[in-house]
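Count along the sequence shown from 1, then add 4; that gives the number in this note's numbering.
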Amino acid sequence: MKARKYLLFCILFSLFAIGCAPAVTPAPEFAELRLHRWTGLEGGETLVIRRVGNEWSAMLLGDGDRFSCLYQKSVKPKSEWQVVWDRMISLGLDSLPNAYKAEYVVEDGNGYEVELSYQGKLKRLSIPHPEFQNSSAAKQILEIGDFLSREFDTPVFVAKYDRGKVGDYLIANCEELRK
């Protein structure tokens with residue numbers, strides 16, 4: 005008889021405990037792209053795009069070493085955030101190789117550093133002088149760079165960037181910061 009009461013008590017307690025258990029809220033979806041472009045002697049810029057849940061943000065971080073200036077500014081794309089992200093994915097952002105470093109050395113050069121945190125994975129890659137490489141990663145990063153330059157109104161990520169235009173742009177951002 006005691007065993008039945010004990011069993012009944014355990015069953016009722018278990019049902020009560022299950023009903024009282026707090027609901028587990030899944031962590032918000034997180035994605036982040038850090039795309040750094042260095043250009044010849046001018047310096048460069050890093051575009052950081054981040055999504056936490058449904059909240060998007062982006063920041064441009066300038067490292068105009070030649071001009072002794074660092075800057076940061078919040079930016080928004082010309083298109084809707086999801087459109088921008090979907091376009092980058094369609095251009096192959098998520099299929100870029102991890103831990104990839106192309107070996108192409110030129111004295112005065114340019115290139116991209118990419119960090120992508122997406123779908124619980126982290127990818128890092130370096131692509132110096134992508135315009136002189138035949139790899140699919142180099143071609144993809146140039147297309148992504150062109151697209152992001154248009155969306156965020158910066159000449160730094162353009163595949164065939166103009167050194168003078170990039171220099172003027174970095175100087176203008178530094179002067180604006182100094183005001």
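Backbone N, C-alpha and C define an ideal beta-carbon position, used for all residues, glycine too.
Quick caveat, the model's predicted, so the values are computed rather than measured.
DSSP links S121 through a beta bridge to E36 and L126.
Taken in chain order, the whole alpha helix (DSSP H) runs of length 4 or more contained in the region 132-182 are 140-156 and 167-182.
A direct Cα-Cα distance of roughly 33 Å separates K169 from L126. Looking at S121, G115, I131 and T43, the one whose alpha-carbon comes closest to that of W89 is S121. Taking 8 Å as the cut-off, the beta carbon of L65 is found closer than this to the beta carbon of V52. R54 has its alpha-carbon roughly 18 Å from the corresponding atom of Y75. For C73, same chain residues with a beta-carbon under 6 Å away, outside a window of 5 residues either side, are C178 in chain order.
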